[in-house]
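Encoded as structure tokens, the structure appears first; notes follow it.
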Amino acid sequence: MTTAVRAVPGVTGDAIVGVVPAEVVRPTEPDEVPELLRAAQRDGRTVLAAGGRTKLGWAPPPSSADLLVDTTGLGRVVEHTAGDLVVVAEAGVRLSTLQEHLGGAGQWLALDPPEPEATLGGIVSANASGPRRLRYGTVRDLLIGVTVVLADGTVAHAGGKVVKNVAGYDLGKLYTGAHGTLGVIVSTTWRLHPVPATKRVVVVDLADPLAAGPLAIAIARSTLTPTAVEVNATTGGPATLTVLFEAIPDSVAAQADAAVALLGSGRQQEQLPEHFGDRPGGPDDLVLRLSFAPASLSQVLAALPDGVAVTASACTGVAYAALPAAHAAALPAVRAALASHDGTAVVLSAPPELHEGLDHWGPLGDAVELMRKVKDRFDPERRLAPGRFVGGI
Amino acid sequence: MTTTLAAPAPASDRTAALAARLRTAIGAERVLTDHAQLRTYECDGLANFRVTPGVVVLAESRQHVVDAVRLCAEAGVPFVARGSGTGLSGGALPVAEGVVIVLSRLRALGPVDADNARVVVEPGVINLWVTRDAAPYDLAYAPDPSSQQVCSIGGNVAENAGGAHCLKYGFTVNHVMGAEVVLPDGSVVHLGGTAPEHPGYDLLGAFIGSEGTLGIATSLTLRLVRVPEAVQTMLVGFHSVEDAAGTVSDVIAAGILPAAIEMMDALAIEAAEAAVHCGYPDGAVAVLVIELDGPQVEVEAQFAEVERIAQARSAFETRIAQDAAERALMWKGRKSAFAAVGRISPAYFVQDGVIPRTKLPEVLSEIGRMSDAVGLRVANVFHAGDGNLHPLVLFDDAVDGQAHDAEELAGAILELCITSGGSITGEHGVGAEKRMKMGKQFTPEDLDTMQLVRCAFDPDGIANPGKVFPTPRLCGERPGPRTGVHAVQAAGLGEVF
Chain L
8 MTTAVRAVPG VTGDAIVGVV PAEVVRPTEP DEVPELLRAA QRDGRTVLAA
58 GGRTKLGWAP PPSSADLLVD TTGLGRVVEH TAGDLVVVAE AGVRLSTLQE
108 HLGGAGQWLA LDPPEPEATL GGIVSANASG PRRLRYGTVR DLLIGVTVVL
158 ADGTVAHAGG KVVKNVAGYD LGKLYTGAHG TLGVIVSTTW RLHPVPATKR
208 VVVVDLADPL AAGPLAIAIA RSTLTPTAVE VNATTGGPAT LTVLFEAIPD
258 SVAAQADAAV ALLGSGRQQE QLPEHFGDRP GGPDDLVLRL SFAPASLSQV
308 LAALPDGVAV TASACTGVAY AALPAAHAAA LPAVRAALAS HDGTAVVLSA
358 PPELHEGLDH WGPLGDAVEL MRKVKDRFDP ERRLAPGRFV GGI
Chain C
54 MTTTLAAPAP ASDRTAALAA RLRTAIGAER VLTDHAQLRT YECDGLANFR
104 VTPGVVVLAE SRQHVVDAVR LCAEAGVPFV ARGSGTGLSG GALPVAEGVV
154 IVLSRLRALG PVDADNARVV VEPGVINLWV TRDAAPYDLA YAPDPSSQQV
204 CSIGGNVAEN AGGAHCLKYG FTVNHVMGAE VVLPDGSVVH LGGTAPEHPG
254 YDLLGAFIGS EGTLGIATSL TLRLVRVPEA VQTMLVGFHS VEDAAGTVSD
304 VIAAGILPAA IEMMDALAIE AAEAAVHCGY PDGAVAVLVI ELDGPQVEVE
354 AQFAEVERIA QARSAFETRI AQDAAERALM WKGRKSAFAA VGRISPAYFV
404 QDGVIPRTKL PEVLSEIGRM SDAVGLRVAN VFHAGDGNLH PLVLFDDAVD
454 GQAHDAEELA GAILELCITS GGSITGEHGV GAEKRMKMGK QFTPEDLDTM
504 QLVRCAFDPD GIANPGKVFP TPRLCGERPG PRTGVHAVQA AGLGEVF
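Chain order of the listed sequences is L and C.
Just so it is clear: in the first sequence, position 282 is 289 by this note's numbering, and no numbers are missing.
Just so it is clear: in the second sequence, position 321 is 374 by this note's numbering, and no numbers are missing.
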């Protein structure tokens, strides 16, 4: 290979769902990435990107992995203009590092996935989010600019450094959640938010998880402005509803009181419960991301077999569930039950022996052919993260 | 003064044959080919760009749209979707000998799904109707372009429309959850839905704001927001533009996210006073309209803070709206500003550039210097919180050479926005008007990459060709001035900004 960046042989620790890449390369300058991809194109090699590797196990295993581009060397916070509430940071910057950097100015990137060591590029590629998506939205609402290197080495920018910008197609949306199948992200630009002054938490214990749904609807229809409403449950067992208020002291106090009155019970506390926002599941589970019409939370919980650990971002229509491998056969029935609520169940991760033949994505609707056409235009040789996305992409 | 880009001519044989097939498929009464009728559709809100289309189809159902697009695809004839025609960048400018597909008769709305805070609408539904129908449930549709009394949701989606309140609430793309789209080959796909996430690429995110170049939406699922507990509006007068701009930065830096911060300079205030007698502070060189919303206690605390910040920046008068009528009057001055400027100047150009908020003082000063150097007045009325400028370059088209000078000045202001780290358009779209500027904001590689998406959706390039991208084939056009008051304003139907 002609590039100045040296590739090293992949080792077991580099495996992507059991597939060890032939080579791993760790560029330290964004400018090195186009050359790496041009070289890979010349040699017809397949390319995957990895950042903090906190979610590299999400999505199916690649059908081929010749080169893994480790982006953690692209670690610069390039520009933070506090007055503009905008930051430009390279793809390998870890979320925790960025938040520390921004915290000095009383600002933060309003994304709180439960993997603080995740890198920005990985967060975009996996479309990771956390409980506060209720208030701030997700990557698609906060990413205002992106630089991506395409399969042929082309460097493509989209968006810009201002929040309000409708010039050209918003390709940042397209790269979000694409699992590296359209290009390698090298730089990201984000809209920021001020760090709220203080927080107050209202916790309600529920004997029946299905009681959470109506309570979440009541909150959503009130004038309360929680930053998160989380439900932690084991289906068939008890559940906890956690309502998080983050604002000035007078506001969180008044809202917490109002929330207790609205919900009929609840204890107030200053600190978040332990494991707030953590996704359930371990190596023996199928970890599912459920997405559904927000008001159908109770119906969705009812569609799961008993004994399934669930973390739901109520009011948003997103939940994570850990389906024990022994219950894997229940997945089609879960998907069928969700369908009437516009619901889908994506397998984020699964025990290695279950990947073969597993339908990770579920029904894809009528746009999958169009998605393949997009992929064909961006990566006609199918060399980027092959096999890791929907419809065989 | 208008530039007619296509001389009246009989439709080509190909277009005539297509019209015949359209009549058979959709009904003769919904297919227009009479030249006088076609002229109605020759422009949108950017009235100096005019092209007479070959055929206009007045669709009344999704099937009509599917049939029209399919027949266009079979004939290889370009089509342009059109909603209410209020766009300010020529996004709905017809293609000569092409087909305009009018969506304004597709107006099914709802019912409102209050528990999910969603509503499904057809593209011809007027923006304001959504909030009207949602109001009984204490819900609202957040994107509020000033033309919201007349602009359509389909057009909002095409342009990714903004409005005064997108500082806090985001743009159309943040509020559209799903779309049924007729692709340029006539096939139908469903992108997104009621749920927040669906497996696969976020094609919906790419579609919104694509200015009609990727297909036509025939149904849209909108997210509604809860009406806040409290809303407070204040009007603050300043003796200098720099103090007003500095106040905007200081408010944001204090960790306050207002629902809106709008700014007008002396010329814009003068025009608004003359037009609607909004009673803005005497002697103000700049005013800010600041709106805060949320829980009552937060709004009260933040208002005190904003007032303190403004006074530290030498604000000489601060008024707080005591009731809905006073609030409406504060907004009336702001929202009438475009039309009002049309009254004090024979003609004007409006631009939609965006700059980083922190650059407001220096960019406004520079615009002032540029204005003085050319000897043309520039009125500034804009979304200050977002750094989204709307400079209005005033001129008299009866004076020889002034239109040219004004056009140069407007272009120079846009380039100043780009060199300041901003964008050529914050909410009006690129359309036909600014596509030649795209190469100043993006590299050829960036634009080629966008075209990959275009090619995946529309390999034959028949969906609204000649928009967004600086294709050489259409580079001969030159932008011209906006003249007088837009027809929509003249008819008393709405305001434009």
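Quick reminder that beta carbons are idealized off the backbone N, C-alpha and C, glycines included.
Within the region 93-115 of chain C, no residue has its Cβ closer than 8 Å to any Cβ of chain L. Residues are counted here when their Cβ sits less than 7 Å from a Cβ of chain C; for the region 384-395 of chain L these are R384, F385, given in chain order. The residues D77, G80, in chain order, have a CB closer than 6 Å to that of R33/L in the same chain once the five nearest residues on each side in sequence are set aside. Between Y327/L and A259/C, the gap from beta carbon to beta carbon reaches 8 Å or more. Around Y143/L, no beta-carbon contact reaches into chain C at under 8 Å, the shortest distance being about 10 Å. For T472/C, the uninterrupted alpha helix (DSSP H) run begins and ends at 455-472, by DSSP.
DSSP links F448/C through a beta bridge to A400/C.
Not one beta carbon of chain L lies nearer than 8 Å to the beta carbon of T271/C. For E480/C, the chain L residues whose C-beta falls within less than 7 Å of its own C-beta are K171, V173, listed in chain order. P311/C and P301/L have their alpha carbons spaced roughly 27 Å apart. Cβ atoms of V191/L and L75/L stay farther apart than 8 Å, at about 11 Å. The Cβ atoms of T234/L and L141/L lie closer than 8 Å to each other. Of V236/L, A265/L, E97/L, A333/L, the smallest CA-CA separation from V156/L is found for E97/L. Chain C places no beta carbon closer than 8 Å to that of K62/L, leaving this residue out of the contacts. Residues of the region 110-139 of chain L with a C-beta atom less than 8 Å from some C-beta of chain C are G113, N134, listed in chain order. Following the DSSP letters along the chain, one finds S258/L inside the alpha helix (DSSP H) bounded by residues 256-270. A Cβ of chain L is located within less than 8 Å of the beta carbon of N441/C. For E36/L, there is no enclosing alpha helix (DSSP H), as DSSP marks it with neither H nor E. For T86/C, DSSP assigns no beta-bridge partner whatsoever. For V15/L, the pairing in a beta bridge is given by DSSP as V31/L. In the DSSP assignment, K206/L falls within the unbroken beta strand (DSSP E) covering 205-213.
Only exposed fits Q90/C, as fewer than 16 other CB atoms lie within 10 angstroms of its CB. Within its own chain, the residues whose Cβ lies closer than 7 Å to the Cβ of V341/L, once the five positions on either side in sequence are excluded, are A310, L311, A352, listed in chain order.
S356/L is bridged by DSSP to V294/L. The C-beta distance from G20/L to A29/L rounds to 15 Å, too long to fall under 8 Å, and the pair is not in contact.
Interface annotation for the region 171-205 of chain L against chain C: K171, N172, V173, A174, G175, Y176, D177, L178, K180, L181, T183, G184, A185, P201, criterion Cβ-Cβ distance under 7 Å. In this structure, DSSP gives W368/L a state outside helix and strand, which the three-state scheme calls coil.
Residue state for L244/C is assigned as strand, using DSSP reduced to three classes.
Per DSSP, reduced to three states, the secondary structure at V350/C is helical. Around A313/C, the same chain offers A217, H218, L220, K221, V342, I343, E344, H436, G438 as residues with beta carbons nearer than 8 Å, after the five sequence neighbours per side are excluded. Secondary structure at G216/C: coil, using DSSP grouped into helix, strand and coil. Out of P252/C, D168/C, R160/C, the CA that lies nearest to the CA of G207/C is found in R160/C.
DSSP places D318/C within a strand segment (E or B) once states are collapsed to three. Pairing G177/C with L445/C, the inter-Cα distance amounts to about 30 Å. Around C508/C, the same chain offers no residue with a beta carbon nearer than 6 Å, after the five sequence neighbours per side are excluded. Annotated three-state conformation of L505/C is helix, per DSSP.
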